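In UniProt numbering, the protein residues as written are 1 to 183.
Report on one structure; see the data block that follows.
In structure tokens:
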């Protein structure tokens, strides 16, 4: 055997020796794990927002209620990408539509992996939303009288930032429920 091409073909042929359902379940397990990687984004974003809140409260403790409110609101929005990834993981885990699909097991398995991997696209929006929450928290700490204007601007920015996470969700759903690779 020589080269990478033979290894890949040998690997694919080996995969095809498995029962279709087993191959789909294995791909689903990989997809579930991959989807949960998206939790990195909310963790970073929410940590940033919490750090900025702590900093703002340290500078202006008399505004701690307003600062905490903005931080919690912003952090909740930053969690949406993680929630979308969790939804895809739960679908693959408990009501996997791909198990009942007939066709080439390798394509169906790869679709399950792809559905999970697509949710990694939610990392960026969550970090961006957390950054917006942190900066809004910081701004409310400095100018509490402008809280409603600051929160409105933060929410609008976070909504726009969420679009990539929504695109990821759409691709995952298409791969699971309306897969164009299966005819």
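Every residue, glycine too, gets a C-beta built ideally from N, C-alpha and C.
Quick caveat, the model's predicted, so the values are computed rather than measured.
Quick check: residue i and residue j, are their CB atoms within less than 8 Å of each other?
{"i": "residue 36", "j": "residue 78", "result": "no"}
{"i": "residue 150", "j": "residue 132", "result": "no"}
{"i": "residue 40", "j": "residue 166", "result": "no"}
{"i": "residue 60", "j": "residue 141", "result": "yes"}
{"i": "residue 80", "j": "residue 162", "result": "yes"}
{"i": "residue 83", "j": "residue 137", "result": "no"}
{"i": "residue 45", "j": "residue 127", "result": "yes"}
Below 6 Å CB to CB, which residues in the same chain sit around residue i once its five sequence neighbours on both sides are set aside?
{"i": "residue 31", "result": "92, 112, 113, 115, 116"}
{"i": "residue 1", "result": "Reliability of the predicted coordinates at residue 1 is poor, the pLDDT of 49 falling under 50, and the value obtained from them is presented with this limitation in mind. Taken in chain order, the list of residues that qualify is empty."}
{"i": "residue 118", "result": "168, 171, 172"}
To the nearest whole angstrom, what separates the beta carbons of residue i and residue j, a pair I think is in contact under 8 Å?
{"i": "residue 125", "j": "residue 164", "result": "5 Å"}
{"i": "residue 130", "j": "residue 54", "result": "Contact flag wrong, Cβ pair sits at about 14 Å."}
{"i": "residue 147", "j": "residue 70", "result": "7 Å"}
{"i": "residue 43", "j": "residue 110", "result": "Residue 43 to residue 110, Cβ: 28 Å. No contact."}
{"i": "residue 38", "j": "residue 120", "result": "6 Å"}
Is it right to say residue i is buried, meaning 16 or more other beta carbons lie within 10 angstroms of its own, or is it exposed?
{"i": "residue 98", "result": "buried"}
{"i": "residue 160", "result": "exposed"}
{"i": "residue 96", "result": "buried"}
{"i": "residue 156", "result": "exposed"}
{"i": "residue 169", "result": "buried"}
{"i": "residue 8", "result": "exposed"}
{"i": "residue 85", "result": "buried"}
{"i": "residue 178", "result": "exposed"}
Who are the near neighbours of residue i in its chain, counting only those whose CB is closer than 7 Å to its CB and skipping five residues on each side?
{"i": "residue 48", "result": "130, 131, 134"}
{"i": "residue 15", "result": "23, 106"}
{"i": "residue 11", "result": "none"}
{"i": "residue 73", "result": "151"}
Below 8 Å CB to CB, which residues in the same chain sit around residue i once its five sequence neighbours on both sides are set aside?
{"i": "residue 18", "result": "26, 105"}
{"i": "residue 63", "result": "56, 57, 140, 141, 144"}
{"i": "residue 51", "result": "134"}
Legend entry - Any 3 or more C-beta pairs closer than 8 Å across the stretch 99–111 and the stretch 18–31: Yes, they touch.
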